[in-house]
Amino acid sequence: MRLVMNEPVESTDRPYARRWWALLVLCLSLLIIVMANTALTVAAPDMTRDLGLSSADLQWVIDGYTVPYAALMLLLGAIGDKYSRRGALVLGLVVFGGGAIAGYLAGSSTAVIAARAVMGVGAALIMPATLSLLAATFPRAERAKAITLWTATAGLAIAAGPVVAGALLRDHGWSSTFLINVPIAAVAIVGALILVPPSKAGHHDRIDYVGGLLSVVWTGSLVYMIIEGPHFGWGVKAVTAAVVAGAGLIAFVAWELRHPRPILDVRRFTNRRFAGSNLAVSLFFLAVFGAFYYLTQHLQFVLGYDALQTGVRMLPLAGAVFVGSALTGWLTPRVGMKWTVTAGMVGGTTALALLTRVDAGSTYGDFVAPLVILGLAIGLALSPCTDAIMGAFPESELGVGGAVNDTSLELGGSLGIAILGSLLATSYGNHLTDATAGSKLPASALETAQDSVGAGYAVAQGIGEKAHQAAAQAAHTSDPQQAAQLKQQAAQLASGARQMADAVGSAFSDAVAHTSLVGAVILGIGTVLVAVLLPRREAAVTEIPEDERELADSTAR
Numbered sequence: 317m318r319l320v321m322n323e324p325v326e327s328t329d330r331p332y333a334r335r336w337w338a339l340l341v342l343c344l345s346l347l348i349i350v351m352a353n354t355a356l357t358v359a360a361p362d363m364t365r366d367l368g369l370s371s372a373d374l375q376w377v378i379d380g381y382t383v384p385y386a387a388l389m390l391l392l393g394a395i396g397d398k399y400s401r402r403g404a405l406v407l408g409l410v411v412f413g414g415g416a417i418a419g420y421l422a423g424s425s426t427a428v429i430a431a432r433a434v435m436g437v438g439a440a441l442i443m444p445a446t447l448s449l450l451a452a453t454f455p456r457a458e459r460a461k462a463i464t465l466w467t468a469t470a471g472l473a474i475a476a477g478p479v480v481a482g483a484l485l486r487d488h489g490w491s492s493t494f495l496i497n498v499p500i501a502a503v504a505i506v507g508a509l510i511l512v513p514p515s516k517a518g519h520h521d522r523i524d525y526v527g528g529l530l531s532v533v534w535t536g537s538l539v540y541m542i543i544e545g546p547h548f549g550w551g552v553k554a555v556t557a558a559v560v561a562g563a564g565l566i567a568f569v570a571w572e573l574r575h576p577r578p579i580l581d582v583r584r585f586t587n588r589r590f591a592g593s594n595l596a597v598s599l600f601f602l603a604v605f606g607a608f609y610y611l612t613q614h615l616q617f618v619l620g621y622d623a624l625q626t627g628v629r630m631l632p633l634a635g636a637v638f639v640g641s642a643l644t645g646w647l648t649p650r651v652g653m654k655w656t657v658t659a660g661m662v663g664g665t666t667a668l669a670l671l672t673r674v675d676a677g678s679t680y681g682d683f684v685a686p687l688v689i690l691g692l693a694i695g696l697a698l699s700p701c702t703d704a705i706m707g708a709f710p711e712s713e714l715g716v717g718g719a720v721n722d723t724s725l726e727l728g729g730s731l732g733i734a735i736l737g738s739l740l741a742t743s744y745g746n747h748l749t750d751a752t753a754g755s756k757l758p759a760s761a762l763e764t765a766q767d768s769v770g771a772g773y774a775v776a777q778g779i780g781e782k783a784h785q786a787a788a789q790a791a792h793t794s795d796p797q798q799a800a801q802l803k804q805q806a807a808q809l810a811s812g813a814r815q816m817a818d819a820v821g822s823a824f825s826d827a828v829a830h831t832s833l834v835g836a837v838i839l840g841i842g843t844v845l846v847a848v849l850l851p852r853r854e855a856a857v858t859e860i861p862e863d864e865r866e867l868a869d870s871t872a873r
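Put into structure tokens, the structure is as follows:
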């Protein structure tokens, strides 16, 4: 047996014998690119303190990864289809690992943002390659099961990122959350060469580079606008990005409709099954990433858990994803994807609705049920949607199919953090103003506290430190009258610190409840749209041949 697998999967007349081991490599590759985002949410406070990051710096440390990741997937997926899907995976892992090393060595905000951008380019190569290789390696009868495991891995990565980062941060600095990716990427590279068979499209047509570049322009501009506008205001940059995104999208659609072999046949979106699946993926990750964004903050700042404790308390989400994935593998062939996807979206809406009950007295126990329901919902809905999206593309365009699925996912996640994150910040600021009305808090301190929940607690801590200083001065003052004044001042400051901390916790809890309500409304409306879009399941769909099934799917519009 050769050490490196060189026989293309397309040349074999039987299923690849080690396909389940190959799936393990693909899932491992998926794991690190999803964890790269979720782990950073836990490492951000340490990074902010050590590098002196402003709120704008921190935002671009997070989103410097997202922009190239979302913008490049479609073009790089098509390139992988033409030349080598496994080559795209290996190259992506090399680039991703190189970016992680650069992030570990970075000593400034600019260097960290650049490293994250490089990692985003690597992720744009890896993500569509994992799905295209999965679809090429597994026969159609087993593909749904393999995609279910792929989806479950994504759910695990969402919750595992904070656990891994929290464990590292107990004994190491924030840079260790970058370095941990390097050995995992190295193992995945070796596994890909040994276990994953090479694969590429059977045709040799030229790539539609014009369409690919237009997709980069409009997707990148859209993501940039989503990030810039809500967080930094609708100034010249955000408005320009919106105009470029709109013009780029129109040009992209017009070009693709006229091109004889487009990079993406946009007519596929007239298929109800395909359009509904993409909408469901986007809406689900809007809810998941938005909720994850503020739940981790609530656990860390309001409930006082450290990074590792926060990560561990998110694990019910990951466990529920696996249960939901097992359920959808059993349910979908029996009742059809319309009902499992709709049930999953109803579950996601219910989870967000439960979070509207959060208040200042809420404990971790109040979050367990929403986390479990949200995890079950992810498992139920996403696997059938991904399977439907990939099934809409011929074998020669599997990389493009994976890129479309992943772009929907990434756009949804970006929108979730931007829309729900912006709403959370506004709601928190307004509630904090109401909670501190009538207090003697200086306007500058209130403005600082309104920036974020972390800044609010920092203001409260600063007032508490002044109380300790006044008490210490009183203890060392020989003048009884002055000592009494200092003690009174210390008591007032200590009371003010407690009131400020209570106000911050109450304001943020109310903001979480308000934001969850808006998220539930958005996902609820989306659930109705997806239920209307998805076609009913045809009778005996699992028994008809693949070519007839594709014909049936194309008529279900």
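Under my numbering, think of the first position of the sequence shown as 317, with each following residue one higher. Even glycine gets a Cβ: it sits at the ideal position worked out from N, Cα and C.
Distance CB(glycine 380)-CB(glycine 408) smaller than 8 Å: no
Tyrosine 420 to proline 324 span [Cα, whole Å]: 36 Å
7 Å Cβ shell around alanine 360 - same chain, five flanking residues per side excluded: Leu374
Residue range of the alpha helix (DSSP H) that includes proline 874: Summary: the structure shown does not reach residue 874, with the chain confined to residues 317 through 873, and so no result is reported for it.
Reduced DSSP secondary structure (H/G/I, E/B, other) of tyrosine 773: helix
Rounded C-alpha distance that separates serine 712 from leucine 850: 25 Å
Coarse secondary structure for glycine 754, derived from DSSP in three states: coil
Assigned exposure category for isoleucine 694 - 16 Cβ within 10 Å defines buried: buried
Cα-Cα separation between asparagine 594 and asparagine 587, rounded to whole angstroms: 11 Å
Straight-line Cα distance separating alanine 823 from alanine 394: 47 Å
Cβ neighbour criterion (16 or more within 10 Å) applied to valine 532: buried
Among Arg522, Trp571, Val674, Thr357, nearest to glycine 482 - alpha-carbon criterion: Thr357
The stretch 605-618 touching the stretch 812-831, judged by at least three CB pairs closer than 8 Å: yes
Leucine 696 versus Leu441, Thr626, Glu544, Val597, residue with shortest Cα-Cα distance: Val597
Pair within 8 Å by beta-carbon distance, serine 895 and proline 514: Residue 895 lies beyond the stretch modelled for the chain, which goes from 317 to 873, so this question has no answer here.
Where isoleucine 733 falls: helix, strand or coil (DSSP): helix
Cα-Cα separation, leucine 392 to isoleucine 841: 33 Å
Euclidean distance between Cα positions of valine 320 and glycine 396: 19 Å
Collapsed DSSP secondary structure at glutamate 726 in the structure displayed: helix
For arginine 650, the three-state DSSP class (helix, strand or coil): helix
Ranges of the alpha helix (DSSP H) found wholly within the stretch 608-646, counting only runs of at least 4: 623-629
Helix, strand or coil at alanine 591 according to DSSP, with G and I counted as helix: helix
Between the CA atoms of glycine 691 and leucine 529 - distance to the nearest angstrom: 36 Å
Integer Cβ distance of phenylalanine 287 from leucine 698, believed to fall under 8 Å: The first residue shown for the chain is 317 and the last is 873, placing residue 287 beyond what the model contains.
Reference valine 688; option with closest CA among Gly707, Gly677, Leu668, Cys343: Leu668
First and last residue of the uninterrupted alpha helix (DSSP H) at lysine 553: 552-574
Contiguous alpha helix (DSSP H) assignments of at least 4 residues, all confined to the stretch 791-865: 796-849
Endpoints, the alpha helix (DSSP H) within which valine 512 is located: Counting along the chain, valine 512 falls outside any alpha helix (DSSP H), and DSSP gives it neither H nor E.
6 Å CB neighbourhood of leucine 647 in its chain, flanking five on each side removed: Thr656
Per-residue burial, alanine 836 [other beta carbons within 10 Å of its own, 16 or more giving buried]: buried
Beta-carbon separation (whole angstroms), alanine 708 vs glycine 718, contact threshold 8 Å: The Cβ separation is near 12 Å, so there is no contact.
Whole-Å CB distance - isoleucine 505 paired with valine 480, under 8 Å assumed: Not a contact, Cβ separation roughly 20 Å.
Rounded separation between serine 870 and alanine 387 - CA only: For serine 870, the pLDDT reaches just 44, beneath the cut-off of 50, and the residue's location in the model is therefore unreliable, leaving the point undetermined.
Integer-rounded CB distance, given that alanine 751 should sit under 8 Å from alanine 819: 4 Å
For histidine 784, three-class secondary structure by DSSP: helix
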